[in-house]
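One point on numbering: in the UniProt record's numbering, the residue at position 147 of the sequence shown is 147, and numbering is uninterrupted. Here a beta-carbon is modelled for each residue, glycine too, at the ideal position from N, C-alpha and C. What follows is one structure encoded as structure tokens, with my remarks underneath.
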Amino acid sequence: MAEFLNKKKLLEWVPKLIETTEKELIIISPYIQIPEKIFALLTDAQKRGVETTLIYKEGELSDKERKRFYEIENLNLLFHPNLHSKCMYNEKYFLLTSMNLYEYSQKHNREMGVLFRRTEEESKGWNDYKHGKDDESIFQDAIVEIQSIITSSEFEKESFKTKTIRFEMDIIKSKKDLAMEKCELYNKFSKNKKFTVFQEGEEWLCRCDNFTDGVDLIVENNRVSLNLNFEESRIQDIYSNLKTNRYHRNDDYRIVECFRLFWTYHKSSPTLYPNVNHATWAHPTHSNEFLEGYFKGLTEFFKILKPEILRTKL
1 MAEFLNKKKL
11 LEWVPKLIET
21 TEKELIIISP
31 YIQIPEKIFA
41 LLTDAQKRGV
51 ETTLIYKEGE
61 LSDKERKRFY
71 EIENLNLLFH
81 PNLHSKCMYN
91 EKYFLLTSMN
101 LYEYSQKHNR
111 EMGVLFRRTE
121 EESKGWNDYK
131 HGKDDESIFQ
141 DAIVEIQSII
151 TSSEFEKESF
161 KTKTIRFEMD
171 IIKSKKDLAM
181 EKCELYNKFS
191 KNKKFTVFQE
201 GEEWLCRCDN
211 FTDGVDLIVE
221 NNRVSLNLNF
231 EESRIQDIYS
241 NLKTNRYHRN
251 DDYRIVECFR
261 LFWTYHKSSP
271 TLYPNVNHAT
281 WAHPTHSNEF
291 LEGYFKGLTE
301 FFKILKPEIL
311 RTKL
């Protein structure tokens with residue numbers, strides 16, 4: 001649940017947000033004069049491998065501050081001509097605030113902010129609404145705006161990673177961006193299959209139409225569902241041989257390599273869920289080991305489905 005922060009709480013959360021950053025940190029502040037404590041935390045973050053991106057208003061950074069930022073190797077420094085927004089963002093928290101990262105403001109001005117959580121780490125249970133995760137749509141909207149600010153900014157200093165590889169931050173990838181990356185990865189690995197992104201409500205998913213004739217495959221996170229584009233009587237005939245409520249003791253699923261197949265009603269979609277005990281799921285989802293196991297699982301499933309499609313063909 002969103003938490004209102006008065007100045008006292010705001011001054012507690014600014015350093016905490018830096019301290020809790022695991023990989024990536026974004027700071028947007030038009031005016032910057034960093035207290036020694038905050039600079040020390042940014043330096044510590046660099047030692048942990050944190051990639052920091054800091055955006056300020058063009059013409060509003062002193063030479064003294066600029067020199068300090070150049071000492072932080074993992075820091076991207078950008079400027080924007082019309083910047084007035086102020087926020088901090090990492091993997092867990094989004095802090096929207098009236099306060100610049102400016103020592104005078106922190107000492108003398110009346111300031112406030114709002115904290116949004118993308119983690120359940122502070123939650124004390126299911127009914128702890130105050131410390132629970134906030135609605136994902138808040139972060140998706142914030143990502144769009146942060147992306148826009150970064151795109152219309154200019155680089156002054158590049159981090160080592162940006163210089164040697166490219167500028168990329170996972171925390172500002174939208175659901176659409178992530179779905180597009182997944183489609184590109186699957187297209188590259190599968191060679192002849194064509195995965196595309198599509199929107200369903202607030203979610204962005206991957207699909208491959210006609211993965212095999214008459215069957216569309218839809219990927220949502222690690223779940224795969226199948227649309228069978230046949231007449232209902234034919235689907236019911238296929239279902240009669242593949243229904244899963246007779247497998248695995250009292251459970252209504254069937255193990256197919258790295259997947260658990262669920263299909264318990266002919267009007268529902270056959271759905272593949274992760275078989276978490278399979279070695280495939282121990283690998284990163286972008287690794288060759290994962291992709292090989294994943295597509296092997298799909299291949300084994302279609303070895304089961306295709307004979308039924310042929311059998312029921314008119």
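Item: If you reduce the DSSP assignment to three classes, tell me which class N241 lands in.; Value: helix
Item: For N288, count the other beta carbons within 10 Å of its own beta carbon; 16 or more makes it buried, fewer makes it exposed. Which is it?; Value: exposed
Item: From the DSSP output, which residues share a beta bridge with G214?; Value: Answer by DSSP bridge pairing: none, since G214 is not bridged.
Item: Contact defined as beta carbons within less than 8 Å: I believe E154 pairs with F79. What is the distance between those atoms, to the nearest angstrom?; Value: 6 Å
Item: Checking the sheet assignment: what are the DSSP bridge partners for L261?; Value: R254 and L272
Item: To the nearest angstrom, how far is it from the Cα of K57 to the Cα of N74?; Value: 20 Å
Item: With DSSP run on the structure shown, which of helix, strand or coil describes V14?; Value: helix
Item: What is the C-beta distance between K23 and E51, in whole angstroms, given that I count them as a contact (C-beta under 8 Å)?; Value: 7 Å
Item: Rounded to whole angstroms, how far is the Cβ of R254 from the Cβ of Y273, which I believe are closer than 8 Å?; Value: That pair is no contact at about 11 Å.
Item: If the criterion is Cβ atoms closer than 8 Å, does the pair L242 and I304 meet it?; Value: yes
Item: In angstroms with no decimal places, state the Cα-to-Cα distance between E308 and Y265.; Value: 16 Å
Item: Any contact of the stretch 140-149 with the stretch 7-22, i.e. 3+ C-beta pairs under 8 Å?; Value: no
Item: Buried or exposed for Q199, going by 16 or more other Cβ atoms inside 10 Å?; Value: exposed
Item: Where does L205 land, buried or exposed, given buried means 16+ other C-beta within 10 angstroms?; Value: buried
Item: Looking only at C-alpha atoms, which of Y129, E71 and E257 sits nearest to W281?; Value: E257
Item: Going by DSSP, which residues form a beta bridge with I38?; Value: BP columns for I38 are empty, so no partner.
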